[in-house]
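Engineer: In this note's numbering, the protein residues as written are 1 to 103.
Positions of the beta carbon are idealized from the N, C-alpha and C atoms, including for glycine.
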């Protein structure tokens, strides 16, 4: 019999704070193009990922005027410890994670 309580916390990657880590559980109901892009990048269910940085579009665009295109399309940087990815909001929203612990 289970005598200790436990908590399972599922979240969209979009809602994580920098430093939070989770295991990708699934991709949410989103367009197939976004899912295929994530799979092509190597992001898949079962892998651990950490949200390294989150950028506010306006603040990042002002800080790095040469990288306006990046600021308009990518808001999140995630890592699995070996690789890093730049994700836009739709991609981050599509990734469902089970929170594990903070970095």
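1) Where do the N-terminal and C-terminal ends of the beta strand (DSSP E) with residue 38 fall, by residue?
2) Tell me the DSSP secondary structure of residue 51 in three-state form.
3) Can you say whether residue 91 is buried or exposed, counting buried as having 16 or more other CB atoms within 10 angstroms of its CB?
4) Buried or exposed: where does residue 81 fall if 16 or more other Cβ atoms within 10 Å of its Cβ makes it buried?
5) Who are the Cβ neighbours of residue 16 in its own chain at under 6 angstroms, not counting the five residues just before and after it?
6) With residue 93 as the anchor, note down where its alpha helix (DSSP H) starts and where it stops.
Structural biologist: Well, looking at it:
1) Segment 32 to 41 is the alpha helix (DSSP H) holding residue 38; no beta strand (DSSP E) there.
2) Note: residue 51 maps to strand in three-state DSSP.
3) buried
4) exposed
5) 51
6) 89 to 94
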